[in-house]
Structure formats: C-alpha cells, structure tokens
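A short worksheet on the structure shown next.
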Amino acid sequence: MYEKKPIISTDKDWALIWLYAIIASIGLVCIFSVEFRANDDLIKSLFAFKKNYSKQLVYLIACAVIAIFILLTDSKLFTATPNILYVVGILLMIATFFIGKNVNGSRSWIPLGFMNLQPVETCKIFTALALAKYLSRNDTDFSKHKSHLIAAGICFLPIVFSLLQNETGLALVYFAFLLPMYREGLPPIYLILGFSLGVLLVVTLLLPAIQLIIALSVIAVLMLYALKRKMKRDKSIALVIISAWALSCLFVGIMVPFIFKNVFQKYQADRIFSMVGRDNPFVEKAMDDATVDIKAVKKGKDDKENYNVKQSKIAIGSGGIFGKGFLKGTQTQGDFVPEQHTDFIFTSLGENFGFVGCTILMVLYLAMLLRIVMIAERQRSTFSRVYAYSVAAIIFFHVAINICMTIGLAPVIGITLPLMSYGGSSLLTFTILIFILIKLDADRQMVLR
Amino acid sequence: MPVFNDSRKNVIKIAFVALFVIIVIRLFTLQVITSKYKTLAEDQGMFRKVVYPDRGIIFDRHKNAILENTVISDLMVTPNKLKGIDTFGICEILQIDTAQFKKKIIELIIKNGRSRPSVFEPLLSEEKMAKLNESMYRFAPGFYLQERSVRKFPYDAAANVLGYTAEVDTNFLKKHPGEGYVAGDYAGMTGLERSYEKVLMGERGIEYWKRDNKNRLTERLEHGDYDTAAVAGQNLYTSLDIELQELGEKLMQNKLGSIVAIDPRTGGILAMVSAPTYQPNYLTGSERRKHFSELFLNPALPLLNRTVSASYSPGSTFKTLQALIGLHEGVITTDTRFSCAGAFYGCGGGRPMRCLDFGTFDLREAITISDNTYFANVMQRVINNPKFPNVDSALYHWDRYMYNFGLGHKLGVDVPSEKTGNIPTPKYFNKIYGQGHWNFCTFRSVSIGQGEVDVTPLQVANEMAYIANKGWYYTPHVVDSIDGGDKLGSLSKYKKKIRPMEIPDSIFNAVHDGMQGVVDKGTGAGAKVKDIVICGKTGTVENYYRGVKQQNHSFFCGFAPRDNPTIAIMCVVENSGRFGGTYAAPIVGLMIEKYLKDSIVDKARIERVEQLSKLNLMPPRIFVELRKQDSLRHSKDSAYLLAKGFIKLIRDTVGIDDDQLDKEDLEKANKEKRNQQPVKENPKTDALLPNEKNKQSKDSLPSNKKQP
Chain A
78 MYEKKPIIST
88 DKDWALIWLY
98 AIIASIGLVC
108 IFSVEFRAND
118 DLIKSLFAFK
128 KNYSKQLVYL
138 IACAVIAIFI
148 LLTDSKLFTA
158 TPNILYVVGI
168 LLMIATFFIG
178 KNVNGSRSWI
188 PLGFMNLQPV
198 ETCKIFTALA
208 LAKYLSRNDT
218 DFSKHKSHLI
228 AAGICFLPIV
238 FSLLQNETGL
248 ALVYFAFLLP
258 MYREGLPPIY
268 LILGFSLGVL
278 LVVTLLLPAI
288 QLIIALSVIA
298 VLMLYALKRK
308 MKRDKSIALV
318 IISAWALSCL
328 FVGIMVPFIF
338 KNVFQKYQAD
348 RIFSMVGRDN
358 PFVEKAMDDA
368 TVDIKAVKKG
378 KDDKENYNVK
388 QSKIAIGSGG
398 IFGKGFLKGT
408 QTQGDFVPEQ
418 HTDFIFTSLG
428 ENFGFVGCTI
438 LMVLYLAMLL
448 RIVMIAERQR
458 STFSRVYAYS
468 VAAIIFFHVA
478 INICMTIGLA
488 PVIGITLPLM
498 SYGGSSLLTF
508 TILIFILIKL
518 DADRQMVLR
Chain B
-3 MPVFNDSRKN
7 VIKIAFVALF
17 VIIVIRLFTL
27 QVITSKYKTL
37 AEDQGMFRKV
47 VYPDRGIIFD
57 RHKNAILENT
67 VISDLMVTPN
77 KLKGIDTFGI
87 CEILQIDTAQ
97 FKKKIIELII
107 KNGRSRPSVF
117 EPLLSEEKMA
127 KLNESMYRFA
137 PGFYLQERSV
147 RKFPYDAAAN
157 VLGYTAEVDT
167 NFLKKHPGEG
177 YVAGDYAGMT
187 GLERSYEKVL
197 MGERGIEYWK
207 RDNKNRLTER
217 LEHGDYDTAA
227 VAGQNLYTSL
237 DIELQELGEK
247 LMQNKLGSIV
257 AIDPRTGGIL
267 AMVSAPTYQP
277 NYLTGSERRK
287 HFSELFLNPA
297 LPLLNRTVSA
307 SYSPGSTFKT
317 LQALIGLHEG
327 VITTDTRFSC
337 AGAFYGCGGG
347 RPMRCLDFGT
357 FDLREAITIS
367 DNTYFANVMQ
377 RVINNPKFPN
387 VDSALYHWDR
397 YMYNFGLGHK
407 LGVDVPSEKT
417 GNIPTPKYFN
427 KIYGQGHWNF
437 CTFRSVSIGQ
447 GEVDVTPLQV
457 ANEMAYIANK
467 GWYYTPHVVD
477 SIDGGDKLGS
487 LSKYKKKIRP
497 MEIPDSIFNA
507 VHDGMQGVVD
517 KGTGAGAKVK
527 DIVICGKTGT
537 VENYYRGVKQ
547 QNHSFFCGFA
557 PRDNPTIAIM
567 CVVENSGRFG
577 GTYAAPIVGL
587 MIEKYLKDSI
597 VDKARIERVE
607 QLSKLNLMPP
617 RIFVELRKQD
627 SLRHSKDSAY
637 LLAKGFIKLI
647 RDTVGIDDDQ
657 LDKEDLEKAN
667 KEKRNQQPVK
677 ENPKTDALLP
687 NEKNKQSKDS
697 LPSNKKQP
C-alpha cells in the first residue's frame, strides 16, 4: 500500500483532477444555495442527510473513494473487460423493465437502497469502453462501411432501450459517440448529413410543411439550373440533387409528423415546439365540446411546459453582471425554478453569481474539454484515444444541451449538467468516466495496445 | 494510424470553442443587455408590502380627542390549511350555513389562490369578535384574526365636519395619480378627513419581502435594509368645542338647518352643526355599506353639510350690512328717519314691500324692529346715488362692499364642498333683463335680503364676526394647529387678518346698538341670556321649493358679549314657519349661554333645551318623500335600489363641489332642473320676489339629489 502510493501521485493529469474538483465544488455550492434558507440550522441539516446538499456531499466523498480505487486498479482491467461490461450494462437496462422504479414517469431507475441507479447513465461508460475496444482492434478497418455499421450498432443499441424507457433526452446523448468516430476516420459526410438533417428538422418545426416543400423545390430547381454545365459532364449530380430533394420532402412531409405523432410523447413534442415558440401542430384536433374543455384545461398545462424555461431565463437574466450574491437570489430562494437542484442547477449559478460567474464556469468546462482533447492526442494507443474522445464528447454534449436548455436555446430534455447537478447516478458516471481516462493516461507509457 | 485524421482534432476543438462562445454571447444578452428579466424577477420574487400608518387624531379646543383610531379584526382564512377544522362551529358563530361557507371558500380560492390568506369576513362586529376570540384555537391555523386600524368617534358628534373615510374608487384614483393610492386604500371623502387627507394619512412605509412560487411572503429582503418605516399621520388641533357641538346637534334634532359658531378673535369655528346629522360611528364598522345607503337615500340629506353647502337668502339678517353700507356711503346718518306707512312705495305701483310696524324710525330702531321700508330706502339711496353715472356702477360699488364682508365668494374654510352663494352683479342682471332694462326697483327685495341674494350659513356667521370685530375677520377655519408643524402650509391663510376696508368704529357702534336692541327689546328677544349682552338680528326668509311657497326659514345671527365679543353665531331652521325670533333666536341664546357660561345650570333653561330638541320642525315634504321611498322599496327589489343608491352616493358625496362634479353629472342635473321648471316663472307672482326663477333653482338644487 505504501509503495503503491507514489504510483497514484505520479504522472496523473493533475490539471484535469483539479478541474474536476473545482467544478464539483461549484456544483455543491449551487445545490446548497438552492436549498438553504436563512433560518436553517446549517450544522444540523448538514448531518441529518435529509437535504440534497448534504446528500450530494456524501456522494462526492463516495466518488472520491471510487476515484482513488480506480486509480489504484490496473489499467489492463479496462482494456480487457469492455465487452463483458457492455453486456452487463445492456442487461441492466433490460432489468429496469422488471425491477425498475418509476421516477417522474420513466421506469429507468434501479433502486439500490442508498441511492437509485440509472443504467442509461452508467451504460455510457460501458459503451465508451466498448467502442474504444472495437475501434482499437487490430482487425478493424474503420475505412469500411461494415465497421461503421458495427460501431454505430454498439453506440446506438442503448438508445433503443432508453427510448423504450421514455428517456428520450438521455438517449440523445449517445449521438455524442459520432464525435470519436469522426476523429477515427468516419467520413464527414455522415456528420454533414446529420447536421443538415438537424437544420432541416428545426426548419420543419418553424415552418408549415407545404411552404417548406415549395421552398425546397425552388432550391432544387435553382441548383439544377446553376449546375447545368457540370451536369453535362456528370449526370449523377442531377440524380444526387433530385434524390436529396425527394428525401427532404419525404422527411418534412411524412417522417417528422410521424415521429412527432408516434415516437415522441406528447409532452416531449410540446416541449420541442415550445422552444421554437409554436403550438404543437400534430395534436389531434378536438372533436366535441368535452374535449374542448379538456383542451382548455390542458392549455394551462401547456403553459407549465413553458413555465420551466421562462422561470429559468428569469432567474439567469436577473443575475446581471455580478449576480445578486451568494444566497441572495430571490428566484432561487422563492423556489420559482422547478427542478433547480438537478437539471436547472445552472440557474442558481446564473442568478447568484451573474454573467461573470457563468463565464468562469464556461471557461472551466471548456478548459476541461480541451484538456481531455489534449490528453487524447498524446495517447499512443487507439483505445485510450477513442475513449478520451468519447469522454470529451459526452461531457460536451451534456454541458451544451443542458445550458442551452436553461437559456432557451434548446428544448427541455432533462439531461444533467456534468458534476454540477444533484444526483448520485450522474455524478458517479462522470467521475468514473473521467478517472478511467486519468488512469489510462497515467499508464500511457506502459503498453502499446 | 492514418495521418490525415490528425487535423480533425482542430475541427473538434473549434467546434467546442464555437458552441461555448455562442452560449457566452447568449448569456451576455440575457444577463447584461436585457433588463426585462430583472423586472420580471422583481415582480415575482419581491413584494412591496405597504405598511399603513395610523391616521392622525383630531382634538377639540379642550384637547379632547373627537376622532381617533381603534382596532377591529378581519377574519382571515388560508384555504389549504382548512383540513380538520370545525366548520360547523365557525358557521354557527358567523351565522351562515355550510353551503355558503363552501361557496365563499371556493370564491376565495379562485380569487386569491389556495395557499395565500384571504379575508373571509372583514370588520367583525363586537359580538362575533367576542365569540371568535374564545374559540379561535378550534379554527387555527386555517383561520386567524388580523387586526386593522379603523376610525372611531368618541363623541359620536360633528359627523359632517369631521367627515368619513372610504375605499377609494377608480374615479378617485384617476384624480389623484402619483400619490401612492391603490385600489382598496382608504381615503378621506368628506369633512376634515378629506381636506387634511395628506396630513392625516401620514407617510406609508414600504417593506420589501421575498416571495416564493406560491406567492407566499417568506422573509424580509436583506433583513429589512431597504425598508422605509411608516410615519403616523399628524394630529390636528381644532377650535371646535365638542360640548357646544353636541348641544347644537341636540337642539337641531328633528329639524333641517344649521348652526355655525365662530370665535371672532381667531376665526376658529367653535361649532358647525348641520341638521339632520348622523352618528359618525355609523360609517366605520362592519355595517358601513348598509348604513351608507340608508343615509344616502334619506330625503333629509343627512350627508350634506348645510353649513357650507346649502345657501339661503339671508332675509333680514342682511339689514345689518345694508346699514353699514348706507352709513359709510353717507347716504344716511344714524339719525336719518324713514317712516313706514304699511309698505315701501318708493317704486310706485306694483306690489309694494310690506312693513309690519307703522311709524317713523331712525337706524337703530329700524334694525331693532327689522323695518323693511327703512332699508329699502337706504339701498335705493345707495344705488341711485348721483355720484354714480349709472345703476351698473352703483351696484358694482355695492357689490364691492358685500365681497369685502365675505359674501358672494368662497371664504376658503377648511371644510370641503363650500358654496359661493350669490351677490347679484350688474352682469348678472344684464344677462337676465338686458343692459339698461333694470334699475333698483327691479331688485328692491335684495335690500331686505330676499330675492337674488344668496348666502351660506358660514358666510353669515363670518359676517357676524366681521361686525363684532368692527371691521376685520380671520378666514373661518376648524383646524388651529397641526401636531408636528404645518409642513404643507395649509394653515397659513388662516393666520392672516383680513381688513378689507376702513370703516370707522362709530358706524359699527350704531349697528351694534341696533343689534343689541333686537335682543333686548326687539324681534330677537328669545335669544336673551341673563347677564350677557348679546347683539343679534333675526331673519324670516320666504322661500320656494319647486315654485311652491314653503314655510319661512327662521334665521338668527349675532355675537356676544357686545364688548370684546368671543362668539359670533348664526342659526337657520329651514321651513320652520313663524319668524326668525321664534325658533332660531332661542337656539342661539342657549348656544351662547353654553359657550360663555360653560354650562347651562338654570332649571328652566335646561327644560328649554329639552323642549327645543323635541320640537319637530321637519317640513312635511320630507315625510311625503320618505313614504314614497318606502312604497318604492316594497314594490322594487330593495337590494337593487340600495346598491344603486350606494353607487350614486359615493359620487354625490365625494363630488358635491360644483367644480368637482363630473361634467356628465352636471349636465344631468341641469336637465333635471330644466324639466322641473318647464315654465319660466313670471316675476310678477310676488312683489317680494320679483325674480323667482333664480330662487327656485337654488332651492331645488339640493332637492334634486334626493329623488329616488
């Protein structure tokens, strides 16, 4: 034990560890400011473990223990077991259908007594390891379509279970794995396609289908006209444009309505539309007076969907440049922002510490991401590099979506802010993700995999 | 490992940085540029709680509180804490059934939400209060009592002088923008409560509270560092003598009319009785709305302050002023004699102005016996004085005197709704008769205080103070001083001695002689008080109501004691019949006795008080209208009438001043007036009143308001 200690402290990426510690502490302070009231007895509530901040403190200590444990293990463990771990993760997700606990309408939690485990969260670790394992195999040639499909299969299998569990938001996170795949040679056309699909989706939400189809047709005709000369040389261009046009129209006219009617829950569709400021056009029209009444009642509920974002924006916006000061935020103290300790924890930072505080946090996250990219690029093994990029991608996706959703740039899809949000599952997942990376990085000189 | 992929790390880095920059820019607009969210946050996260200070207390001249504050409780309810509460018990105490109870709770939830306290029953009566107090533990925590400061009148007197407070309406809010009133506030509506509103209301404090998502107040913002404390209203010290006021109100029971008593040395009003009056505590408690409607619908107009808002022809009390003018103009001397041969024939034919006592009188005697012919001659001499080129300038000159005596314009008393009265001007007659088509004979009845001249009781009392002081007066006022200083300067005008013109004392002495004679041996003998030299003048005022001649008004005005006078007083009993000396004079006598001797001890005099207070001189038309109203109330839905009356009442009592009446209301009133007088009355109907048109409109104006 004594001899091993130097091993922990040497060659660890202390910058990343410090960033981890700082962000996690800021998170604890924010959770504290959400729950603490001026007349609470600090000592008493801290040790009663009834309050979220005291529980989060316990989780942090637990995470620190686990982090040390990871650093003490042999890094070969992570290169040898990904396939088994991945299968265990998938099995855990399936298990939720039988022993799952219903929390806020989704049966995605497994009660462990002292905390609730969300397999979708933890499965991210296993997926990252499995993807790294697959891509680092000697017989994987990532320039072939077959290997693209297999890699995509590894990443997107959890999405299926996650969708079945009504956890659309968490499912989306798995799209983050496109980033390491891109780094390993996935043709950019996939990302471009994905990106334009996203743009098309947003435009579809903003405009009525007929107008959009007309606009698409006009663009297609113009492009055909502009590329007239080139087409004479290469007929396939025309084919590409026409098929793209046809696919887009199909997407706009049939796919999106289908997805919104059948795949998404009504509340999810409502949220997405509330973000772009429109009523959900895919709701069945009311037929008789009774349903009109129900609709009127629901109208109030729809306002509630907007309520979260509105309150979140008010809380952040009222912070000003320097914020109202620690524990002085009226919106936070008045419990105006729902779910403030979990998904909307950023609002408490925004209100109490203002633009300066928010910017500092953003810089910290960016530093963490760039640090991980730097770590990734200094790895000799593909396994470590892919894993590192996976970690960066997951963190980036979480931070970007979560903060965009609190400031009204993204729909509310219930994903946490890494290391900040209250909750053992999320904190544990990111701790393990980061510390496996640190362990792999520490051992980068050891073996060439 | 393919080398070409190496550049992709930069793409990824750029993507990271780009998105973070977008987020920071968005945060910048949200937090630094836009201020919308800050106000939104203040609106919902902060609550400005207005702390109402106690209104100022009003004291009389002997430092007795005549208007103070007391505490009444509101029963408050928090609907979401009602579980397990003894509903039956509370229903029993409040005398409602459970269905009503449920309905009320649901209404409150809709109005105010489930978790915020709302008023279940405001201003609990003493009986309910007592019952609730002993069993409140059964209804806690859903119900609780919240104390509230309410006005209280310890003497239950001087209602119309002190006025009342009421909830402000939208009209009021429109007229007083930027003064911090919000709907639901109380403000003075009449009397001193209204004219000294700014002094009495004090300064409101503001407490900043944090508010949570259910709109509950949680704690003080920054431990109250931004709060401003409420400053209690300033107390008012008045010149009123509450016992004198009470005596006056007792004497005027069952009568229409008013008494005004002024201390001529200071202009301070000692008593201001408007009859009928009401018990001011009627308009403070839980039943206030009901009482309000009752008072409003009463055809005797108890809410009208007749001392300043009603005007009458002054009748013979005007002769004292005519004597002053005649003497000062030099058209007569104290020894000038005119004879009464039964009537005034100075204008030749037509219907002559009668005089009652035959004989030849000098000035003093003429005042004493109230000789019409004498003063008709005096005024004829003033108007037809050859030093004036025409009757216009002569009348104008005469008007100047009257204005200087305090008539024909608002005196500026600190009781609201003062009327101007009327002193006929050349312009006024030109309008009616046309330039050059009128002369003294046209308005000869003005010489004896009938016809076109109109005065308020306050103006008469002030005129008595003027005569008593031999040529000066202070603007009459109720409030002498303000506790803590007169910050708004509202009292400065009452500290200025007004001496509009120089009239030698000898002239006043002659008039005083005549007025002393009135009480000693003349028409006003009823006012006599043992050991006190009183100067007075009676008046018997003929009047018309909607073109029909009514019983005479009984007037008496005077001052006492003659040397160094300390009280100037006037009394009018409307439609009493008989003469000024019959009713008004004894009332004034008793008032003077009470004030100067501090109390009425003599048994016979006490009996006289009782006798006078029991005397019912209400004109029959009041009873007729009361009966009409009763039958109307039976035939129509009474609640509807009451509600309607209540709405109209607020308008009428708040805006009784002509200049404050809504234009719409004025038009309506005019239309009514026109409808009531379809025929332009012939001036020939009565010689005493050559121009009745004016008279009628004036008499019928207050009556318009009591039409149901």
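Respectively, the protein sequence lines represent chains A and B. The first sequence begins at 78 in the numbering used here and counts up one residue at a time. The second sequence begins at -3 in the numbering used here and counts up one residue at a time. Note that beta-carbon positions come from the ideal geometry of N, C-alpha and C, so glycine has one too. Computed from a predicted structure; not experimentally measured.
Contact of M42/B with chain A by beta-carbon distance below 8 Å involves T407. A check of alpha carbon separations from F174/A across D118/A, M308/A, W91/A, L240/A identifies L240/A as the nearest. Counted as a single uninterrupted DSSP element, the alpha helix (DSSP H) harbouring T506/A occupies residues 501 to 519. For N76/B, the nearest beta carbon of chain A is not closer than 8 Å to its own beta carbon. For the 8 Å CB-CB criterion, G198/B and A162/B do not form a contact. Bridge pairing for S270/B: S254/B [DSSP]. Contact between T536/B and G576/B is confirmed by a C-beta separation of about 5 Å, below the 8 Å threshold. With a cut-off of 8 Å on Cβ pairs, the segment 551 to 561 of chain B is not in contact with the segment 615 to 628 of chain B, counting fewer than three such pairs.
Here the alpha carbons of V111/A and I331/A stand approximately 44 Å from one another. The beta carbons of S467/A and L263/A sit no closer together than 8 Å. Counting only runs of 3 or more residues that sit fully inside the segment 410 to 491 of chain B, the beta strand (DSSP E) segments are 475 to 478, in chain order.
Annotation for Q547/B: N571, G573 place their beta carbon closer than 6 Å to its own, counting only its chain and skipping 5 residues before and after.
Between the segment 232 to 246 of chain A and the segment 447 to 460 of chain A there are fewer than three inter-stretch CB-CB distances shorter than 8 Å, so the stretches are not counted as touching. Listed along the chain, the chain B residues whose CB falls inside 7 Å of the CB of M439/A are F16, I19, V20. Counting the other CB atoms within 10 Å of its CB gives S335/B a total below 16, which places it among the exposed residues. If you draw a 10 Å sphere on the C-beta of N458/B, you find 16 or more other C-beta atoms in it, and that means buried. At a Cβ-Cβ threshold of 8 Å, A257/B and P272/B do not count as neighbours. Using a Cβ-Cβ cut-off of 7 Å, I101/B is close to nothing in chain A; its nearest Cβ partner there is about 21 Å away. Interface flag for L26/B against chain A is set, since a Cβ pair is found closer than 8 Å. With fewer than 16 other Cβ atoms inside 10 Å of its own Cβ, S131/B counts as exposed. Within the segment 163 to 222 of chain A, the runs of beta strand (DSSP E) at least 3 residues long that lie entirely inside it are, in chain order, 178 to 180, 183 to 188. Here G447/B really is in contact with F439/B; their C-beta atoms are around 6 Å apart, less than 8 Å.
Residue range 122 to 131 is occupied by the alpha helix (DSSP H) that includes M125/B. In the three-state reduction of the DSSP assignment, R285/B falls in the helix class, which pools H, G and I. Runs of the alpha helix (DSSP H) spanning 4 or more residues and lying entirely within the segment 217 to 266 of chain B occur at 238 to 247, in chain order.
The alpha helix (DSSP H) runs of length 4 or more contained entirely in the segment 276 to 318 of chain A are, from start to end of the chain, 286 to 303, 305 to 310.
If you draw a 10 Å sphere on the C-beta of D259/B, you find 16 or more other C-beta atoms in it, and that means buried.
For Q142/B, no alpha helix (DSSP H) encloses it; the enclosing beta strand (DSSP E) starts and ends at 139 to 148.
Among the residues facing chain A, K45/B is not included, as its CB has no counterpart in that chain under 8 Å away. G230/A sits exposed, since fewer than 16 C-beta atoms from the chains shown fall within 10 Å of its C-beta. Using a Cβ distance threshold of 8 Å, I255/B and L236/B do not count as a contacting pair.
Here V115/B is not near T280/B, since their CB atoms are 8 Å or more apart. Distances from the alpha-carbon of G311/B to those of L196/B, L23/B, Y48/B, M566/B put M566/B closest. Think of a sphere of 8 Å around the beta carbon of E112/A: no beta carbon from chain B falls inside it, the nearest being about 13 Å out. Measuring C-alpha to C-alpha distances from V515/B to each of I428/B, A581/B, V456/B identifies A581/B as the nearest. When the Cα atoms are used, I68/B and P137/B turn out to be separated by approximately 20 Å.
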